[in-house]
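Participant: Chains as they are written, first to last, in the working numbering: chain A, 1 to 113; chain B, 1001 to 1113.
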Amino acid sequence: DQQVKQNSPSLSVQEGRISILNCDYTNSMFDYFLWYKKYPAEGPTFLISISSIKDKNEDGRFTVFLNKSAKHLSLHIVPSQPGDSAVYFCAAKGKGSARQLTFGSGTQLTVLP
Amino acid sequence: DAGVIQSPRHEVTEMGQEVTLRCKPISGHDYLFWYRQTMMRGLELLIYFNNNVPIDDSGMPEDRFSAKMPNASFSTLKIQPSEPRDSAVYFCASSLLLRGELFFGEGSRLTVL
């Protein structure tokens, strides 16, 4: 039973436009959410995070939005660049639990020049 | 600063052989995680340690899998005997207490023939 879902396995966007990656979760005990980016033959790298007490966190071109009532978060990349082409994983951490993260299945983003 | 170091990067072995994957976490990190990535199941947590002590091994698929952390700077994941369905990329990650961000190694790609 997947507690963190990324329903779009792939997304293609034109360079300079906005990329929106979506993630849904089912466990209301999750209190911290993260996005990781993964290039081929490399490990995932941390991108941006958000606590459940916030609804938005911004870092340069990357913004994460959290809608707790809908149990939905999204990652916006503006403007998208070809170097952003990678697999993006959404992850969530449970309240009171230790450092274990539950990952979504990932979305392959392709930014077309 | 050195990141998480994993070895070997690639391992090809025959069914029935023993496989040992190694990990050196980032110095000072007190949590260490072993994840497995497959096409079917995405990134799944196998086991994690806190201060060298295994905390949750519920993700370890079978008794053929074992993990140890003899000291703060070294961990192993062993598969004995290996089977073709164990073929996957195995990631080690470490993190600091009170932070949600995991730092991943580059992974060990295992192929069991």
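For every residue, glycine included, the Cβ atom is placed at its ideal position computed from N, Cα and C.
Select from E1044(B), G1042(B), W1034(B), R1064(B) the residue whose C-alpha is nearest the C-alpha of N1052(B).
Facilitator: Checked all of E1044(B), G1042(B), W1034(B), R1064(B); the closest Cα to N1052(B) is W1034(B).
Participant: Thinking just about the alpha-carbon of each residue, which of G106(A), S80(A), K37(A), H72(A) is nearest to the one in E1044(B)?
Facilitator: Selected option, being the one with the closest Cα: G106(A).
Participant: For the pair the region 44 to 53 of chain A and the region 1022 to 1033 of chain B, tell me if three or more CB-CB distances fall below 8 angstroms.
Facilitator: no
Participant: Within the 8 angstroms Cβ cut-off, does G60(A) reach chain B?
Facilitator: No, because no Cβ of chain B sits closer than 8 angstroms to the Cβ of G60(A).
Participant: L34(A) CB to nearest chain B CB: under 8 angstroms?
Facilitator: yes
Participant: Pick from P1025(B), V1112(B), L1077(B): whose alpha carbon is nearest that of D1063(B)?
Facilitator: L1077(B)
Participant: Just tell me which of L1021(B), E1083(B), M1040(B), L1110(B) has its CA closest to the CA of S1075(B).
Facilitator: L1021(B)
Participant: Use the C-beta contact count for P1070(B): other C-beta atoms within 10 angstroms, 16 or more gives buried, fewer gives exposed.
Facilitator: Result: exposed.
Participant: Nearest to K5(A) by CA position, among I18(A), R17(A), S12(A), F33(A), is which residue?
Facilitator: The residue with the shortest Cα to Cα distance from K5(A) is F33(A).
Participant: Please name the residue, chosen from D31(A), S8(A), V111(A), that lies closest to K68(A) on a Cα-to-Cα basis.
Facilitator: D31(A)
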